[in-house]
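>
Numbering (my numbering), first residue to last: 736 to 1090.
1) For residue 865, name the three-state secondary structure that DSSP assigns.
2) Tell whether a beta-carbon distance below 7 Å holds between residue 838 and residue 853.
3) Taking DSSP as the reference, what is the three-state secondary structure of residue 976?
4) Is residue 1035 buried or exposed, if buried means 16 or more other CB atoms sit within 10 Å of its CB?
5) Could you work out which residue in 757, 801, 773, 843 is closest to residue 955 when comparing CA atoms only?
6) DSSP has residue 901 in a bridge; who is on the other side?
7) Tell me where the beta strand (DSSP E) around residue 835 begins and ends.
8) Would you say the segment 825-832 touches the segment 930-950, given that touching needs at least three Cβ pairs under 8 Å?
9) Who are the Cβ neighbours of residue 908 in its own chain at under 6 Å, not counting the five residues just before and after it?
10) Taking only three categories from DSSP, how would you classify residue 1074?
11) Among the residues of its own chain, which have a CB less than 8 Å from the CB of residue 1080, if the five just before and after it don't count?
12) So residue 869 packs on residue 805, CB below 8 Å; how close in whole Å?
13) Can you tell me whether DSSP reads residue 920 as helix, strand or coil?
14) Within this structure, are the beta carbons of residue 1008 and residue 1049 separated by less than 7 Å?
15) Tell me, to the nearest whole angstrom, how far the beta carbon of residue 1016 is from that of residue 1062; I am working on the premise that it is less than 8 Å.
16) For the candidate residues 947, 930, 836, whose alpha-carbon lies nearest to that of residue 694?
17) If you reduce the DSSP assignment to three classes, tell me which class residue 800 lands in.
18) With distances taken from CA atoms, which of 997, 1004, 1013, 1005 is nearest residue 981?
19) State the CB to CB distance for the pair residue 1058 and residue 927, rounded to an integer number of angstroms; the pair is presumed to be in contact (CB under 8 Å).
20) Of the residues 874, 809, 864, which one's Cα is nearest the Cα of residue 823?
21) I believe residue 973 touches residue 989 by the beta-carbon criterion, under 8 Å. Please report the beta-carbon distance rounded to the nearest angstrom.
22) Does the beta-carbon of residue 944 have 16 or more other beta-carbons within 10 angstroms, so that it is buried, or is it exposed?
23) Tell me the DSSP bridge mates of residue 1011?
24) Name the two residues that bound the continuous beta strand (DSSP E) containing residue 1000.
25) Going by C-alpha to C-alpha distance, which of 992, 875, 771 sits closest to residue 867?
26) Could you please give the first and the last residue of the uninterrupted alpha helix (DSSP H) stretch that includes residue 893?
27) Return the first residue and the last residue of the alpha helix (DSSP H) that residue 758 is part of.
28) Give me the residue from 985, 781, 760, 795 with the minimum Cα distance to residue 1071.
29) DSSP has residue 982 in a bridge; who is on the other side?
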């Protein structure tokens, strides 16, 4: 089925017109093109950032220093008509520095004094939590309610956060001194955990060429606030077969050592992924399909987001650490050994249209 036919079917079940859907899909392509003007390579990382945004979740980026993690997030923010703020996490950062605090004010007419809540930087659309593992757990936990509930509670009052709201956090895995590993409860709040690798030789030459001369790039805003909210609604309308839903459930359940039929999981996993992981797999697979201008999920979509969704939701035991086995190796083994669904969608090309 062609992209145009897919759009017609989607438009029949929604108030959006075909032209609106096609226009939004074209804007998504433009966002990737704009980011590529600043970021050399890292297409997979940019794709996963966009997947997390369309799925309405938060993303954690991990990589060595100098891999443009912060630049990647700020570049994405510049292509979106959204409010953007950055917090540099430090050991002395307090929760009030993030969520805000009450200040004492005086009414100039009556002279009466009263407390007024002053909103912190979390009241934004895109929040860059830079080097989030450099601040103590008390401050890290201040983001928990914001990330999950999209609200802030302070002094008995609840303050809603703007829509849309994304937390894009970075952390450096190299230096362990003076860092505080995120607890599992907070890691689970991130929809995806993306690892940023080194560029290829050709990409590194291009980086040197672009960044050591007089060239400067100004990014233009492509997607507006309502566009993003509309796209998030379209993502949830992307079709997924019952066979692929059962496969997603089986993949998630196989990460748990209790009752898993995968010997590697039984030997090396201490704690597996919960139901939230299955929800994240489905939503991210739908967003990945939409970014490829398809309106039905394929097995390739699930596989393409599986590592980002599962790697921070699987806790390995000491035996795995002793044998230098990481979560990516366990996930790869699961993808190869979980029985495939019988649906025709499983054999669809990852970048093609569903036949």
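No residue lacks a Cβ here, since even glycine has one placed at the ideal position from N, Cα and C.
Source: prediction; values computed, not measured.
In short, the structure shows the following:
1) Here residue 865 refers to the residue found at position 130 when the chain shown is read from its first residue. In this structure, residue 865 counts as strand in the three-state DSSP scheme.
2) The count along the chain shown starts at 1 and reaches residue 838 at position 103. The count along the chain shown starts at 1 and reaches residue 853 at position 118. Cβ distance < 7 Å, so residue 838 and residue 853 count as in contact.
3) One-based indexing of the chain shown puts residue 976 at position 241. Reduced to three states, the DSSP call for residue 976 is coil.
4) Here residue 1035 corresponds to residue number 300 of the chain shown, with the count starting at 1. Answer is buried; the Cβ neighbour count reaches 16.
5) Residue mapping note: residue 955 aligns to position 220 of the chain shown, counting from 1. Checked all of 757, 801, 773, 843; the closest Cα to residue 955 is 773.
6) If you number the chain shown from 1, residue 901 lands on position 166. Paired residue(s): 861.
7) Position 100 of the chain shown, counting from 1, holds the residue named residue 835. Residue 835 -> beta strand (DSSP E) spans 835-841.
8) no
9) Sequence index remark: in the chain shown, residue 908 carries index 173 (1-based). 797.
10) Sequence index remark: in the chain shown, residue 1074 carries index 339 (1-based). Coil at residue 1074, not helix or strand.
11) Here residue 1080 refers to the residue found at position 345 when the chain shown is read from its first residue. No answer about residue 1080 holds up, because its pLDDT of 49 lies below 50 and its placement is not dependable.
12) By 1-based counting over the chain shown, the position of residue 869 is 134. By 1-based counting over the chain shown, the position of residue 805 is 70. Going by Cβ atoms, the distance from residue 869 to residue 805 rounds to 13 Å, so no, they are not a contact pair.
13) On the chain shown, residue 920 is found 185 positions in, with the first residue counted as 1. Three-state DSSP puts residue 920 in a helix.
14) In the chain shown, residue 1008 corresponds to position 273, counting from 1. In the chain shown, residue 1049 corresponds to position 314, counting from 1. Yes, Cβ-Cβ distance for residue 1008 and residue 1049 is below 7 Å.
15) Taking the first residue of the chain shown as position 1, residue 1016 is located at position 281. Taking the first residue of the chain shown as position 1, residue 1062 is located at position 327. With 8 Å as the limit, residue 1016 and residue 1062 do not qualify as a contact, their Cβ atoms being about 15 Å apart.
16) Residue coverage of the chain in this structure runs from 736 to 1090, which leaves residue 694 outside it and unanswerable.
17) Your numbering for residue 800 matches position 65 in the chain shown. Reduced to three states, the DSSP call for residue 800 is coil.
18) By 1-based counting over the chain shown, the position of residue 981 is 246. Residue 981 has its Cα closest to that of 1013, out of 997, 1004, 1013, 1005.
19) As a position in the chain shown, residue 1058 is number 323, starting the count at 1. As a position in the chain shown, residue 927 is number 192, starting the count at 1. Residue 1058 to residue 927, Cβ: 26 Å. No contact.
20) Walking along the chain shown from the start, residue 823 turns up at place 88. Cα-wise, what sits closest to residue 823 is 864.
21) Residue mapping note: residue 973 aligns to position 238 of the chain shown, counting from 1. Residue mapping note: residue 989 aligns to position 254 of the chain shown, counting from 1. In fact, because the Cβ distance is near 24 Å, the residues do not count as touching under 8 Å.
22) For the purposes of this step, residue 944 is taken as residue 209 along the chain shown, with counting starting at 1. Classification of residue 944: exposed, given that the 10 Å Cβ count is below 16.
23) Numbered from 1 along the chain shown, position 276 holds the residue referred to as residue 1011. In DSSP, residue 1011 forms no bridge with anything.
24) Taking the chain shown and counting its residues from 1, one reaches residue 1000 at position 265. Taken as a continuous stretch (DSSP letters only), residue 1000 belongs to no beta strand (DSSP E), being part of the alpha helix (DSSP H) at 998-1003.
25) Indexing the chain shown from 1 puts residue 867 at position 132. The shortest C-alpha separation from residue 867 is found at 875.
26) If you number the chain shown from 1, residue 893 lands on position 158. No alpha helix (DSSP H) contains residue 893, which is instead part of the beta strand (DSSP E) from 892-895.
27) Residue numbering aside, residue 758 sits at position 23 when the chain shown is read from its first letter. First-last of the alpha helix (DSSP H) with residue 758: 753-771.
28) Taking the first residue of the chain shown as position 1, residue 1071 is located at position 336. Answer by Cα proximity: 985.
29) For the purposes of this step, residue 982 is taken as the residue at position 247 of the chain shown. None, per the DSSP bridge assignment.
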